[in-house]
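Numbering (my numbering), first residue to last: 30 to 226.
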């Protein structure tokens, strides 16, 4: 009798948990010195940073590329790193669980500048593509004001391309829709099933 309501209840519980965090922020250590700071793919003894070990990636896996035009080399290296990071790290992490682990208003930080390729961007864009949560690169000034600043424009479409080639899309064009479908399917590997609490 209540079987009809189970999917609705499951969807409600899922989105109720996601609603806590509506945006994810990224920034350099230089631009973000306070808040829920989560260090991505770096280590630190400073207690103001939290590190989530499962997001770490061994950069020694990235081979040096041959000498080509420096602008083009950066894009090729970014694509290669995105592919490796997705297949070695992100592919095995459930987006909803990661979002919960990040906590409220997370700021993913590293020592790289905003316009440089960085894994913090990939983690934020991964959650944006799978869950629809917006991510922004920010700068927090000395008065605590938050300012949006640009990050590499090509990263979102690059990561989306990587995911669509390596994730079971099951006929969907949108990664978020494919994820919603897959997490309720028994046939898809590496997808953590949601349980009704």
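Note that CB positions come from ideal geometry on N, CA and C, so glycine has one too. If you're wondering where the values come from, they're calculated on a predicted model, not measured in any experiment.
By the three-class DSSP mapping on this structure, what secondary structure does residue 78 have? On the chain shown, residue 78 is found 49 positions in, with the first residue counted as 1. In the structure shown, residue 78 sits in a strand (DSSP, three-state: E or B).
Just verifying my parser: in three-state terms, what is the DSSP assignment at residue 212? Mapped onto the chain shown, residue 212 falls at position 183. Reduced to three states, the DSSP call for residue 212 is coil.
In terms of DSSP beta bridges, what is residue 56 paired with? Here residue 56 refers to the residue found at position 27 of the chain shown. When beta bridges are read from the DSSP output, residue 56 appears opposite 138.
Would you check if the stretch 150-159 and the stretch 115-129 touch, i.e. whether three or more CB-CB distances between them fall below 8 Å? Contact between the stretch 115-129 and the stretch 150-159 is established, with three or more Cβ pairs separated by less than 8 Å.
If you reduce the DSSP assignment to three classes, tell me which class residue 166 lands in. Mapped onto the chain shown, residue 166 falls at position 137. Strand, per DSSP.
DSSP three-state call for residue 105: helix, strand or coil? As a position in the chain shown, residue 105 is number 76, starting the count at 1. Collapsing the DSSP output to three states places residue 105 in a helix.
Using 8 Å as the threshold, is the C-beta distance between residue 108 and residue 148 below it? Your numbering for residue 108 matches position 79 in the chain shown. Your numbering for residue 148 matches position 119 in the chain shown. Not closer than 8 Å, so no.
Does the structure place the stretch 157-176 close enough to the stretch 76-84 that three or more beta carbon pairs sit under 8 Å? Proximity of the stretch 76-84 to the stretch 157-176 falls short of the contact definition, fewer than three beta-carbon pairs being nearer than 8 Å.
Bounding residues of the alpha helix (DSSP H) (the contiguous stretch that carries residue 195): Within the chain shown, the letter at position 166 stands for residue 195. Element bounds for residue 195: 183-195.
Quick one: what's got a C-beta closer than 6 Å to residue 137's C-beta in the same chain, skipping five residues either side? The residue you call residue 137 lines up with position 108 of the chain shown. So the qualifying residues of the chain are 55, 67, 69, 149, 152 and 153.
State yes or no: is the C-beta of residue 191 within less than 8 Å of the C-beta of residue 111? To locate residue 191, count along the chain shown from 1; it is residue 162. To locate residue 111, count along the chain shown from 1; it is residue 82. A contact, by the Cβ cut-off of 8 Å.
Presumed contact (8 Å Cβ cut-off) between residue 62 and residue 169, rounded CB distance: Walking along the chain shown from the start, residue 62 turns up at place 33. Walking along the chain shown from the start, residue 169 turns up at place 140. The pair is a contact, with the Cβ atoms about 7 Å apart (cut-off 8 Å).
Looking at the structure shown, is residue 67 part of a helix, part of a strand, or coil, going by DSSP? Here residue 67 is taken as the residue at index 38 of the chain shown, counted from 1. Residue 67: strand per DSSP, three-state reduction.
Could you give the residue range of the beta strand (DSSP E) that holds residue 175? Within the chain shown, residue 175 is the residue found at index 146, counting from 1. Element bounds for residue 175: 175-177.
In terms of residue numbering, what span does the alpha helix (DSSP H) encompassing residue 129 cover? Locating residue 129 in the chain shown gives position 100, where the first residue counts as 1. Run containing residue 129: 124-131, per the alpha helix (DSSP H) assignment.
Applying the 10 Å Cβ sphere with the 16-neighbour rule, what's the burial state of residue 57? Walking along the chain shown from the start, residue 57 turns up at place 28. Around the beta carbon of residue 57, 16 or more other beta carbons sit within 10 angstroms, so the residue counts as buried.
Select from 183, 212, 79 and 101 the residue whose C-alpha is nearest the C-alpha of residue 159. By one-based count along the chain shown, residue 159 stands at place 130. Per the C-alpha coordinates, the member of 183, 212, 79 and 101 positioned closest to residue 159 is 212.
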